[in-house]
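Everything below concerns the one structure shown next.
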Amino acid sequence: MTDQIYWNPVLETLPREKIRQLQLKKFKKIFKWAYERSKFHRKIYDEAGVKPEDIRSFEDIRRVPSVEKSMMRDIQRKDPFPYGDALCVPLEEVAVFRQTSGTTGQPVYQPDTWQDWEWWTECWSYILWAQGYRPRDRVFIPFGYNIFVAFWAGHYAAEKIGCEVIPGGVLDTKARILKIQELQATAMMGTPTYILGMAETAQMKMEIDPSELTIDKITCAGECGASIPSTKSRLEKAWGAKVYDHAGATEIGAWSFECQDQPGGLHVNDALFLVEIADVETGEIFEEPGRRGKMIITALDRRAQPCVRFDSKDVIEWSAEPCSCGRTARLIKGGVVGRADDITKVKGVLLAPSAIEEVVHGVDGLGDEYEVIVDRVGHTDRIKLKVEVLPEAQDQCQLVESELADQLRLKTNLRYDIEICGCETLPRYEVKAKRFKDLRNKPEAE
Ligand SMILES: [Zn+2]
Numbered sequence: 051m052t053d054q055i056y057w058n059p060v061l062e063t064l065p066r067e068k069i070r071q072l073q074l075k076k077f078k079k080i081f082k083w084a085y086e087r088s089k090f091h092r093k094i095y096d097e098a099g100v101k102p103e104d105i106r107s108f109e110d111i112r113r114v115p116s117v118e119k120s121m122m123r124d125i126q127r128k129d130p131f132p133y134g135d136a137l138c139v140p141l142e143e144v145a146v147f148r149q150t151s152g153t154t155g156q157p158v159y160q161p162d163t164w165q166d167w168e169w170w171t172e173c174w175s176y177i178l179w180a181q182g183y184r185p186r187d188r189v190f191i192p193f194g195y196n197i198f199v200a201f202w203a204g205h206y207a208a209e210k211i212g213c214e215v216i217p218g219g220v221l222d223t224k225a226r227i228l229k230i231q232e233l234q235a236t237a238m239m240g241t242p243t244y245i246l247g248m249a250e251t252a253q254m255k256m257e258i259d260p261s262e263l264t265i266d267k268i269t270c271a272g273e274c275g276a277s278i279p280s281t282k283s284r285l286e287k288a289w290g291a292k293v294y295d296h297a298g299a300t301e302i303g304a305w306s307f308e309c310q311d312q313p314g315g316l317h318v319n320d321a322l323f324l325v326e327i328a329d330v331e332t333g334e335i336f337e338e339p340g341r342r343g344k345m346i347i348t349a350l351d352r353r354a355q356p357c358v359r360f361d362s363k364d365v366i367e368w369s370a371e372p373c374s375c376g377r378t379a380r381l382i383k384g385g386v387v388g389r390a391d392d393i394t395k396v397k398g399v400l401l402a403p404s405a406i407e408e409v410v411h412g413v414d415g416l417g418d419e420y421e422v423i424v425d426r427v428g429h430t431d432r433i434k435l436k437v438e439v440l441p442e443a444q445d446q447c448q449l450v451e452s453e454l455a456d457q458l459r460l461k462t463n464l465r466y467d468i469e470i471c472g473c474e475t476l477p478r479y480e481v482k483a484k485r486f487k488d489l490r491n492k493p494e495a496e
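What follows is the structure in structure tokens.
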């Protein structure tokens with residue numbers, strides 16, 4: 051089995067038309083399930099005049115109203131406590147509690163049955179197998195196991211595959227690095243921000259070169275960094291390892307992964323999820339490659355709190371090319387490029403925070419951390435960018451700064467007030483970084 055290329059050789063190579071048939075069949079089933087068992091779902095579907103027997107084609111699916119995170123927030127903390135009316139199973143069948151990270155507001159609770167949790171683990175097994183995890187691997191997980199789903203299912207999937215798994219739980223960063231060294235771990239999982247931060251700690255505070263450790267593959271999630279070429283390249287260089295991206299979400303599941311061929315994008319796990327891309331302004335669903343829109347996604351097998359046409363706000367685009375790995379699952383180009391509510395207009399120009407990261411991590415001499423603050427002086431927007439210059443480039447500060455300013459102008463069409471900060475003075479993050487601050491609508495910035 052370890053020679054096998056695919057985790058599920060049947061589903062991962064299924065001809066496209068067969069995948070589409072499977073998706074339609076599964077969508078009908080989960081839609082009926084949600085309609086019949088959840089007052090929350092039935093109400094919004096009745097209001098839109100769509101019933102389970104109306105779904106015969108993908109065009110019919112588009113008539114099913116999408117659900118947003120804010121709607122889930124409103125129904126929770128009520129009976130059946132604490133999940134509210136979207137719960138489709140008796141409370142006693144709920145086996146697992148998790149919640150969203152709360153980056154965009156009050157956290158949403160996520161109940162799963164044991165069957166759902168096995169499904170999460172199965173989703174992650176596709177990911178890890180596609181990234182080369184095999185039973186001989188020893189996987190270190192530097193994650194503070196807690197109420198966020200983060201790498202929990204990755205942990206179980208690595209065990210399911212047969213890897214040896216070391217939970218890095220409450221250890222601090224130095225202790226985690228020492229454990230990797232001591233046990234000769236071969237793989238790990240983390241946010242790109244934290245994995246870069248670990249490398250910095252190893253180099254600057256422990257005189258350990260992480261590229262000389264035994265880690266040969268890293269799975270990143272939680273932020274889009276591992277799909278940003280300059281960030282991926284920094285990660286791979288620092289650790290001397292292959293770095294793979296994965297995008298998932300608490301309310302959805304582990305829906306995508308980069309494979310070992312690193313095609314410059316993520317496979318959507320089409321056998322388990324239905325991904326649609328909608329125009330951000332009009333909501334129109336489109337299929338053509340090369341056009342960006344927001345993802346509307348259905349988890350086709352998740353049952354306790356179903357995810358049916360969830361408006362994720364993740365901005366993605368279909369790739370025109372199939373992947374050389376032979377998987378028939380579609381690719382999204384460049385991973386998740388941002389969130390529809392993160393992409394903001396500054397001085398009338400559309401700015402995605404990931405574009406700034408791509409530039410900062412592409413300039414030699416700059417540290418990994420940075421901070422962006424957008425505010426308004428009078429009626430004019432201003433962007434301040436704080437960066438750190440590495441000790442070895444301190445005598446070339448001006449050169450580094452002008453290279454940064456040029457690249458930013460080229461890539462984003464905007465000018466920035468650049469502030470060079472001392473080494474290791476900007477905040478460090480263990481899970482998701484909060485580097486982009488828009489103060490324009492706050493009273494103190496007026
Ligand atoms: Zn592939």
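Under this note's numbering, think of the first position of the sequence shown as 51, with each following residue one higher. Note that CB positions come from ideal geometry on N, CA and C, so glycine has one too. Fair warning: this is a prediction, and the values are worked out from it, not measured in the lab.
CA-to-CA distance, Y294 to C213, given in whole angstroms: As the crow flies, the alpha-carbon of C213 is around 18 Å from that of Y294.
Can you give me the start and stop residues for the beta strand (DSSP E) that R148 sits inside? V144 to Q149
Would you report the Cα separation of E62 and T378, rounded to the nearest angstrom? 6 Å
Whole-number beta carbon distance between K344 and V365, since they are thought to touch under 8 Å: 6 Å
Endpoints, alpha helix (DSSP H) assigned at E438: Judged by DSSP secondary structure, E438 falls outside any alpha helix (DSSP H) and instead within the beta strand (DSSP E) spanning T430 to V439.
Using only the alpha-carbon positions, how far apart do T509 and I105 sit? Residue numbering for the chain in the displayed model covers 51 to 496; residue 509 lies beyond these limits and cannot be assessed.
Buried or exposed, going by whether 16 or more other CB atoms sit within 10 Å of the CB of H429? exposed
Secondary structure at D96, three-state DSSP: helix, strand or coil? helix
Endpoints, alpha helix (DSSP H) assigned at T52: In the DSSP assignment, T52 falls outside any alpha helix (DSSP H) and carries neither an H nor an E.
My output table needs one value for T269: the three-state DSSP class, helix, strand or coil. strand
Could you tell me the alpha carbon to alpha carbon distance between V146 and I230, rounded to whole angstroms? C-alpha separation (whole angstroms): 29 Å.
Kindly give me the distance between the Cβ atoms of S116 and R490, rounded to whole angstroms, as I take these residues to be in contact under 8 Å. Not confirmed; about 28 Å, so no contact.
I need the residues with a C-beta less than 6 Å from some heavy atom of ligand 1; please give them in chain order. C309, D311, P313, H317, C373, C375 and R377
Would DSSP call V450 helix, strand or coil? The answer is helix: DSSP assigns V450 an H, G or I state.
On the criterion of 16 or more Cβ atoms from any shown chain inside 10 Å, does D162 qualify as buried, or is it exposed? buried
Excluding sequence positions up to five away, which residues of its chain have a Cβ less than 8 Å from the Cβ of A455? R465, Y466 and I468
Just to check, is the beta-carbon of P140 closer than 8 Å to a non-hydrogen atom of ligand 2? Ligand 2 is absent from the structure shown, which contains only ligand 1.
Can you tell me whether DSSP reads E496 as helix, strand or coil? At E496 the pLDDT is 34, less than 50, meaning the model places this residue with poor confidence and gives no usable figure here.
Inside the region 250–311 only - beta strand (DSSP E) runs reaching at least 3 residues: 267–270 and 292–295
Identify the continuous alpha helix (DSSP H) that holds Y176 and give its terminal residues. W164 to A180
Could you check if R352 is buried or exposed, using at least 16 other CB atoms within 10 Å of its CB as the buried criterion? buried
Range covered by the beta strand (DSSP E) that runs through P403: Segment P403 to V410 is the alpha helix (DSSP H) holding P403; no beta strand (DSSP E) there.
E421 and R485: beta carbons closer than 9 Å? yes
Residues in the same chain with beta-carbon distance under 6 Å from E494, minus the five sequence neighbours each way, listed in chain order, please. For E494, the predicted structure reports a pLDDT of 45, less than 50, and the residue's modelled location is therefore unreliable. The matter cannot be settled from this model.
Under the three-state DSSP convention, the category S116 falls into: coil
Sufficient close CB pairs (3 or more, under 8 Å) joining the region 203–218 to the region 434–452: no
For the region 392–401 against the region 266–277, do three or more pairs of beta-carbon atoms, one drawn from each stretch, fall closer than 8 Å, so that the two count as touching? no
Where are the beta strand (DSSP E) runs, 3 residues long or more, that stay fully inside the region 305–365, in chain order? The region 305–365 contains these whole beta strand (DSSP E) runs: 315–318, 323–328 and 343–349.
With DSSP as the reference, identify every bridge partner of E469, one or two as the case may be. As a beta-bridge residue in DSSP terms, E469 pairs with K436.
Could you check the C-alpha separation between E143 and F77 for me, to the nearest Å? 23 Å
Kindly indicate which three-state DSSP category E67 falls into: helix, strand or coil? helix
If we call anything under 9 Å between Cβ atoms a contact, is R123 one with G155? Yes, the pair counts as a contact, with Cβ atoms nearer than the cut-off.
Sequence-distant residues of the same chain with beta carbon closer than 7 Å to S280, five excluded per side: E408, H411 and G412
Taking only the alpha-carbon atoms, compute the straight-line gap between K461 and Q310 and give it to the nearest angstrom. K461 and Q310 have their C-alpha atoms spaced approximately 28 Å apart.
Helix or strand or just coil, what does DSSP make of E419? strand
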